[in-house]
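K.L.:
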Amino acid sequence: MLPFTICPVGDTAVLARFEQRIAQDIGASVTALNLRVAAAKIHGVVETVPAFASLLVFYDPLQTDYDAVASAVQALAQTADSGASAGQGRLVEIPVRYGGSFGPDLPFVAKHAGLSEQEVIARHAGREYRIYMLGFLPGFPYLGGLDERLFTPRLDTPRTVIPAGSVGIGGEQTGVYPIASPGGWQLIGRTPLTLFDPGTGKLPYAAGDRIRFCPISEAEFEAIAQKEAIG
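Throughout, the numbering used here is defined as the position within the sequence shown, counted from one, plus 109.
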């Protein structure tokens with residue numbers, strides 16, 4: 110695990126702060142520390158919030174204090190990695206129909222990259238992405254690991270409505286919109302899966318997990334969408 114610093118955040122949280130850059134090794138360290146904190150069941154800790162290069166650990170000040178939690182978190186960093194704490198996370202596969210009405214910005218991304226649309230699809234679906242953090246929307250995964258050839262600027266004017274399940278590229282990142290919302294990322298495809306359940310807050314992934322996008326046909330999209338609608 111990479112080194113980090115500890116500092117207080119108000120009187121109810123501890124921040125473990127790694128080097129402030131977006132990188133696979135830092136993301137893996139954040140995930141590993143988050144898993145260790147969860148497994149250790151530190152007295153008084155009530156919630157953790159992983160981000161790109163930090164882990165925020167909330168605690169109940171009526172049960173514990175900053176010094177106790179900070180010491181416990183620092184001690185966990187010294188333990189040896191195991192399969193449960195190595196920071197790999199689960200691999201979640203998400204089917205995606207690329208291009209056409211499902212991904213209206215695919216032609217622009219391809220032109221910007223100097224690639225064909227099929228080459229963009231192959232590069233986008235040809236690797237695993239780490240979920241660095243969830244934010245912006247409930248369950249929106251900020252993913253690291255995008256092929257540099259696919260880096261594409263955001264839209265000059267964001268769309269007011271983006272369909273749920275849309276897969277997009279924004280700058281150096283890619284992600285998927287779990288619910289319909291405004292947004293300024295370049296849309297290259299859409300998944301038929303229902304990713305976020307507003308009733309339960311359930312998601313098929315968490316920060317630290319890995320995502321692989323799997324290209325599907327329009328017929329496969331419709332078949333999966335029908336199953337999702339039935340529940």
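For glycine and all other residues, C-beta sits at the position ideal for the given N, C-alpha and C.
Inspect the CB distances between the stretch 231 to 240 and the stretch 307 to 319 and report whether three or more fall short of 8 Å.
P.N.:
yes
K.L.:
Quick check on this structure: which residue in Val182, Glu331, Asp265, Ile230 has the alpha carbon closest to the alpha carbon of Pro112?
P.N.:
It is Val182.
K.L.:
Return the Cβ separation of Gly254 and Gly277 in integer angstroms, given the expectation that the two are a contact with Cβ distance under 8 Å.
P.N.:
Not really, about 15 Å apart at Cβ, beyond 8 Å.
K.L.:
Report the option in Phe305, Arg299, Gly310 whose CA atom is closest to the CA atom of Glu331.
P.N.:
Arg299
K.L.:
Assuming Val146 contacts Val154 under a Cβ cut-off of 8 Å, what Cβ separation, rounded to an integer in Å, is found between them?
P.N.:
7 Å
K.L.:
According to DSSP, is Gly376 part of a helix, a strand, or is it coil?
P.N.:
Outside the displayed range of the chain (110 to 340) lies residue 376, so it cannot be described from this structure.
K.L.:
Please confirm whether Ala181 has its beta-carbon closer than 8 Å to some beta-carbon of chain C.
P.N.:
Included in the structure is just one protein chain, with no chain C present.
K.L.:
Got a sec? Which residues, its chain only, sit under 7 Å from Pro250 by beta carbon, not counting five neighbours each side?
P.N.:
Ile240, Leu243, Gly284, Val285, Tyr314, Ile320
K.L.:
Taking Ile333 as part of the alpha helix (DSSP H), name the residues at either end of that continuous run.
P.N.:
Looking at the DSSP string, the run of the alpha helix (DSSP H) that includes Ile333 is 327 to 339.
K.L.:
Within 10 Å of its beta-carbon, does Pro216 have 16 or more other beta-carbons around it, so buried, or fewer, so exposed?
P.N.:
Under this definition Pro216 is an exposed residue.
K.L.:
Run the CB neighbour count on Ser326, radius 10 Å, all protein chains shown included, and call it buried at 16 or more, exposed below.
P.N.:
exposed
K.L.:
Would you kindly work out how many angstroms separate the C-alpha atoms of Phe305 and Pro272, rounded to a whole number?
P.N.:
13 Å
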